[in-house]
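Residue numbers (the numbering used here): 357 to 487. Structure record follows, encoded as structure tokens.
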Amino acid sequence: MEAVSRTGEARASREDRLLVASRRGGRPGTVLLTLDGELDHDTAAPLRKALEESTGAARVVVDCAGLRFCDSTGLNVLLRTRLRLLTEGGRVDLAGLRQPVRRIFEITGALNVFRVYDDADAALADTGTGP
């Protein structure tokens, strides 16, 4: 849905700045979430909802190839979900991290706590287990 600024220019509403698509990841217990847009305080709700709906999944792969921005709120959503899934015996993996999004994961050290793959296909092809 487009919003209109005071000057009459069309601009995306907060809800439209992040699109989250969910599908089964090929293997039983795997969910693939594909992100497109900007992940921040104003747009994190669709990702939170999709992650909550993935409860019970042994593995959630988050495809970040279409993610153009991520702030600390988005990072926190992913880290909290990672901890929750670890306590349930599952995990969260990331795929397709590109600059400048990859940089926030590097600076914060979060890159070291996730398995990170070049793309979603590589992530889904991995049969490895463990944290």
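Every residue, glycine too, gets a C-beta built ideally from N, C-alpha and C. Note that the structure is predicted; figures quoted are calculated from it, not measured.
Item, Value
"Spatial neighbours of A413 in its chain, beta-carbon cut-off 8 Å, leaving aside the 5 residues before and after", "G385, T386, V387, L441 and G446"
"Residue burial classification, P456 (beta-carbon count within 10 angstroms, cutoff 16)", "exposed"
"Collapsed DSSP secondary structure at R438 in the structure displayed", "helix"
"Residues that L395 bridges to, as DSSP identifies them", "C426"
"Distance between C420 and R373 (C-alpha atoms, nearest Å)", "14 Å"
"Reference L453, options L375, A406 and V417, closest by Cα", "V417"
"Identity of the residue in R415, A481 and A400 nearest T443 by Cα", "R415"
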